[in-house]
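Q: Take this structure first; my questions come after.
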Amino acid sequence: GAVVSQHPSWVICKSGTSVKIECRSLDFQATTMFWYRQFPKQSLMLMATSNEGSKATYEQGVEKDKFLINHASLTLSTLTVTSAHPEDSSFYICSARDHVRISPTAFFGQGTRLTVV
Amino acid sequence: GQQVMQIPQYQHVQEGEDFTTYCNSSTTLSNIQWYKQRPGGHPVFLIQLVKSGEVKKQKRLTFQFGEAKKNSSLHITATQTTDVGTYFCAGLNYGGATNKLIFGTGTLLAVQP
Numbered sequence: 431g432a433v434v435s436q437h438p439s440w441v442i443c444k445s446g447t448s449v450k451i452e453c454r455s456l457d458f459q460a461t462t463m464f465w466y467r468q469f470p471k472q473s474l475m476l477m478a479t480s481n482e483g484s485k486a487t488y489e490q491g492v493e494k495d496k497f498l499i500n501h502a503s504l505t506l507s508t509l510t511v512t513s514a515h516p517e518d519s520s521f522y523i524c525s526a527r528d529h530v531r532i533s534p535t536a537f538f539g540q541g542t543r544l545t546v547v
Numbered sequence: 002g003q004q005v006m007q008i009p010q011y012q013h014v015q016e017g018e019d020f021t022t023y024c025n026s027s028t029t030l031s032n033i034q035w036y037k038q039r040p041g042g043h044p045v046f047l048i049q050l051v052k053s054g055e056v057k058k059q060k061r062l063t064f065q066f067g068e069a070k071k072n073s074s075l076h077i078t079a080t081q082t083t084d085v086g087t088y089f090c091a092g093l094n095y096g097g098a099t100n101k102l103i104f105g106t107g108t109l110l111a112v113q114p
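Sequences listed follow chains A and B, in order.
Here our numbering is used: position 45 in the first sequence is 475, and no number is missing along the way.
Here our numbering is used: position 59 in the second sequence is 60, and no number is missing along the way.
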């Protein structure tokens with residue numbers, strides 16, 4: 431099946447610093463990538479939809495200046511958590527959509543566990 | 002906005018017992034997908050249902066999509082310890098500039114040997 435690689439798998443950073451998370455589709459081109467956040471024992475909450483070559487579309491309540499998304503190529507999207515605070519600590523997961531396949535709609539990365547201290 | 006709810010939130014069964022989780026969307030869906038997430042892991046795709054009233058089976062797992070395309074269910078027959086994890090439904094709505102996959106609240110399944 432299609433593979434989506436997310437890096438890093440975990441990161442610890444100091445409060446006030448920025449962290450960049452990469453999401454790569456390894457064997458297909460992903461025009462659209464999605465970024466989710468998951469708090470412990472909760473569901474995946476869609477943060478934003480990233481479209482190659484254009485600005486990301488953010489869900490209501492998600493600060494676009496804090497969570498910077500760049501989708502510069504058909505195989506790479508990045509999420510940068512700027513000026514991170516402890517409340518940003520969470521599990522961040524990307525998914526990439528393979529428009530050629532009918533099913534499934536998207537493939538998920540392994541996730542990045544961010545801890546802000 | 003669109004909401005996708007699942008019940009129950011948590012289910013504890015003895016190995017060999019059956020398990021069912023129900024998924025309800027506030028809006029009509031183009032399709033529904035089911036994922037399994039093991040503790041500490043990422044969601045793993047199980048299946049996609051597209052047609053109204055569709056039923057699909059994968060070994061001990063049976064998936065149904067409601068006639069109105071607003072609800073779905075996952076039934077596991079004779080659970081095994083390997084079935085442990087959180088099961089999420091995810092609804093897809095075609096429309097607008099981008100098709101978004103909205104996840105349900107999830108059902109955590111615990112299986113006691």
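The beta-carbon is built from N, C-alpha and C at its ideal position, and this holds for glycine as well.
Taking all protein chains shown into account, do 16 or more other C-beta atoms lie within 10 angstroms of the C-beta of residue 442 of chain A, making it buried, or fewer, making it exposed?
A: Position 12 of the first sequence, counted from the start, is the residue given in the question as residue 442 of chain A. Residue 442 of chain A should be labelled exposed.
Q: Just to check my reading of the structure: residue 65 of chain B and residue 73 of chain B have Cβ atoms closer than 8 Å, yes? What is that Cβ distance to the nearest angstrom?
A: Start at 1 with the first residue of the second sequence, and residue 65 of chain B comes out as number 64. Start at 1 with the first residue of the second sequence, and residue 73 of chain B comes out as number 72. Sure, about 6 Å apart at Cβ, within 8 Å.
Q: Apart from the five residues just before and just after residue 98 of chain B, which ones in its own chain have a Cβ nearer than 8 Å to its Cβ?
A: In the second sequence, the residue the question calls residue 98 of chain B occupies position 97. A caution first: residue 98 of chain B carries a pLDDT of 48, below 50, which makes its placement in the model unreliable, though a value can still be read off. Same-chain partners within the cutoff: there are none.
Q: Taking only three categories from DSSP, how would you classify residue 17 of chain B?
A: Here residue 17 of chain B is taken as the residue at index 16 of the second sequence, counted from 1. Correct three-state label for residue 17 of chain B: coil.
Q: Excluding five sequence neighbours on each side, which residues of the same chain lie with their C-beta closer than 6 Å to the C-beta of residue 109 of chain B?
A: For this step, residue 109 of chain B is matched to residue 108 along the second sequence. Closer than 6 Å at the Cβ level, and outside the excluded window around residue 109 of chain B, lie 11 and 87.
Q: By the DSSP assignment, the beta strand (DSSP E) with residue 479 of chain A in it spans what residues?
A: Within the first sequence, the letter at position 49 stands for residue 479 of chain A. Unbroken beta strand (DSSP E) run through residue 479 of chain A: 474-481.
Q: For residue 3 of chain B and residue 58 of chain B, I'd like the C-alpha separation in whole angstroms.
A: Reading the second sequence from its first residue, position 2 is the one you call residue 3 of chain B. Reading the second sequence from its first residue, position 57 is the one you call residue 58 of chain B. Rounded to whole angstroms, residue 3 of chain B to residue 58 of chain B spans 27 Å at the Cα level.
Q: When burial is assigned at 16 or more other CB atoms within 10 Å of the CB, is residue 113 of chain B buried or exposed?
A: The residue given as residue 113 of chain B occupies position 112 in the second sequence. Exposed, because fewer than 16 other Cβ atoms sit within 10 Å of the Cβ of residue 113 of chain B.
Q: Listing by chain order, which chain B residues have their CB less than 8 Å from the CB of residue 588 of chain A?
A: Chain A is shown from 431 up to 547; residue 588 of chain A falls before or after that span and cannot be answered.
Q: Taking all protein chains shown into account, decide if residue 469 of chain A is buried (16 or more other Cβ within 10 angstroms of its Cβ) or exposed.
A: Residue numbering aside, residue 469 of chain A sits at position 39 when the first sequence is read from its first letter. By the 10 Å Cβ count, residue 469 of chain A comes out exposed.
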